[in-house]
Structures are given as structure tokens and as C-alpha cells.
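What follows is a short report on a single structure.
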Ligand SMILES: [Zn+2]
């Protein structure tokens, strides 16, 4: 029996949370709101990829380093480009 336990260290993403100096801050803007009479709730989220709890791929600090999906063997079959 596996007795190991997972500890969730994920940070909640929210506007104006702590971010890396110089990176874009988290900005969550509500575009549609049912309370205001819209049919749905929709938000726009803008943030740096260094936000909250995350993994940095080698590509982050090594020119032509591996993207995060290449590290774990995951292949996004729908992706036509990995130039991000
Ligand atoms: Zn990072």
C-alpha cells in the first residue's frame, strides 16, 4: 500500500498577487457578468508565465532548450507551432 501523501502547494491566481519583478502582474477582468444581465460570466486573464506555482522549462533559461511538454513526454497533437 502506497502511504505517500500529496501536498498541494498551488497558489490561487488572483489580481495583483505577488509576481516576479519586471513581469506583467496578474490582471483578471470580468467581461460579462450574469449579475449585470449578461447570459454568461466571462473573464479575461492576463499574466506572466512566471505566475504563482509553476514549473520553468529549460527553454526559459537556455536558448533552444526543451519546452515543458517535451520534458514529460507529452505531445500536443493539436499544436502546429511551439514558438511561444
Ligand atoms: Zn518561472
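Residue numbers (this note's numbering): -10 to 73. Virtual Cβ for every residue (Gly too), placed ideally from N, Cα, C.
Terminal residues of the alpha helix (DSSP H) in which residue i lies
i: residue 59; result: 57 to 60
Nearest-angstrom Cα separation, counted from residue j out to residue i
i: residue 60; j: residue 19; result: 34 Å
i: residue -7; j: residue 6; result: 31 Å
i: residue 27; j: residue -9; result: 48 Å
i: residue 29; j: residue 58; result: 32 Å
C-beta contact flag for residue i and residue j at 8 Å
i: residue 42; j: residue -1; result: yes
i: residue 17; j: residue 31; result: no
i: residue -4; j: residue 40; result: no
Opening and closing residue of the beta strand (DSSP E) in which residue i lies
i: residue 75; result: The structure shown does not extend to residue 75, since the chain is modelled only from -10 to 73, so the question has no answer here.
Expected contact under 8 Å - CB spacing of residue i and residue j to nearest Å
i: residue 8; j: residue 37; result: 6 Å
(message) Below 8 Å, how does it come out for the segment 42 to 54 and the segment 4 to 14: are there three or more Cβ pairs, yes or no?
(response) Fewer than three beta-carbon pairs drawn from the segment 42 to 54 and the segment 4 to 14 are found closer than 8 Å, and the two stretches are therefore not classed as touching.
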